[in-house]
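With UniProt numbering applied, the sequence shown closes on residue 187, and no number is skipped along the way.
Built from N, CA and C at the ideal position, the CB exists for glycine as well.
Scroll down for the structure; my scribbles are underneath it.
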Amino acid sequence: MLEAGVAKHRFTVEEFRKMGQVGILGEDDRVELVEGEIVEMTPIGWRHVESVNALTGVLADHREAGRFVVSVQNPLVLGEHGEHYPDLVLYQAGVRGRVPEAMDTLVVVEVADTSVSYDRNTKLPLYASAGVPEAWLVDLRAGVVEVHSGPRAGGYGTVGMYTRGEVVRSATLAEVVAFGANEVLPG
Numbered sequence: 001m002l003e004a005g006v007a008k009h010r011f012t013v014e015e016f017r018k019m020g021q022v023g024i025l026g027e028d029d030r031v032e033l034v035e036g037e038i039v040e041m042t043p044i045g046w047r048h049v050e051s052v053n054a055l056t057g058v059l060a061d062h063r064e065a066g067r068f069v070v071s072v073q074n075p076l077v078l079g080e081h082g083e084h085y086p087d088l089v090l091y092q093a094g095v096r097g098r099v100p101e102a103m104d105t106l107v108v109v110e111v112a113d114t115s116v117s118y119d120r121n122t123k124l125p126l127y128a129s130a131g132v133p134e135a136w137l138v139d140l141r142a143g144v145v146e147v148h149s150g151p152r153a154g155g156y157g158t159v160g161m162y163t164r165g166e167v168v169r170s171a172t173l174a175e176v177v178a179f180g181a182n183e184v185l186p187g
């Protein structure tokens, strides 16, 4: 706990990127910038890999003639103090020459095995506050795909829960994206 009068320095996205450019952060460092703090990402296990690969295939199959891009484990800017690396981002086609931002995003996906609590209680509220219309949390331990929609300050207003055998439907792209939960939940 910091004493009164002692301030933390919150890094900006620009400072975060400069740390990478000058070698303070290496290309292989698994970190992201969350609310101005550099946070180590949890290691990726085989279930996570299988789920991300399956989701990538399912979502690529559902792309509507250039309406959105499926970006896998790439940066997403959430304001001046946030550069996250979600597992997948569906963002509007046509974004060129810069990293996608919250305003470009249709759906963000976090696949969680050991980071469920952090993703649900920290990252999803940040996506909602930034205005991302929809966020999915693929909870590998519980075998559930959560579809969060209706962003507002502090979180999402609506949550749909899908288990094996159920059809997951995007709240934002319902006419485009629907798939079986068992397709993305490894056994």
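Helix, strand or coil for residue i per DSSP?
i, result
"SER170", "coil"
"GLU80", "coil"
"ARG120", "helix"
"TYR127", "helix"
"ALA7", "coil"
"GLU183", "helix"
"ALA93", "coil"
For residue i, which residues of its own chain have a beta-carbon under 8 Å away from its beta-carbon, when the five flanking residues on both sides are left out?
i, result
"ALA142", "VAL116"
"LEU124", "GLU110, ALA135, LEU137, HIS148, GLY155 and TYR156"
"GLU183", "ALA54 and VAL58"
Taking the straight line between their C-alpha atoms, what separation do you get for residue i and residue j?
i, j, result
"VAL177", "VAL72", "17 Å"
"VAL77", "ALA102", "6 Å"
"VAL95", "ARG63", "16 Å"
"GLU32", "GLY165", "34 Å"
"TYR118", "VAL145", "16 Å"
"LEU59", "GLU40", "27 Å"
"THR12", "ARG47", "33 Å"
"GLU37", "GLU80", "12 Å"
"LEU140", "GLY5", "42 Å"
"TRP136", "VAL109", "5 Å"
"GLU27", "MET19", "11 Å"
"MET161", "GLU15", "38 Å"
Grab the span of the beta strand (DSSP E) containing residue i for me, first residue to last.
i, result
"GLU110", "105 to 112"
"ARG30", "Looking at the DSSP string, ARG30 is not in any beta strand (DSSP E), and its letter there is neither H nor E."
"MET161", "155 to 163"
"GLY150", "144 to 152"
"GLU37", "37 to 40"
"SER71", "68 to 72"
"GLU134", "134 to 139"
Can you tell me where the alpha helix (DSSP H) holding residue i begins and where it ends?
i, result
"HIS48", "46 to 61"
"GLU14", "13 to 21"
Excluding the 5 residues flanking residue i on each side, which residues of the same chain have their C-beta closer than 7 Å to its C-beta?
i, result
"GLY180", "VAL167"
"TYR91", "PHE68, VAL69, SER71, PRO100, ASP104, THR105 and LEU106"
"GLY150", "TYR156, GLY157 and THR158"
"ARG120", "LEU137"
Near residue i, which residues of its chain fall below 6 Å by C-beta distance, leaving aside the five closest residues on each side in sequence?
i, result
"GLN21", "none"
"residue 254", "Nothing can be reported for residue 254, as the shown portion of the chain is limited to 1 through 187."
"GLU50", "PRO186"
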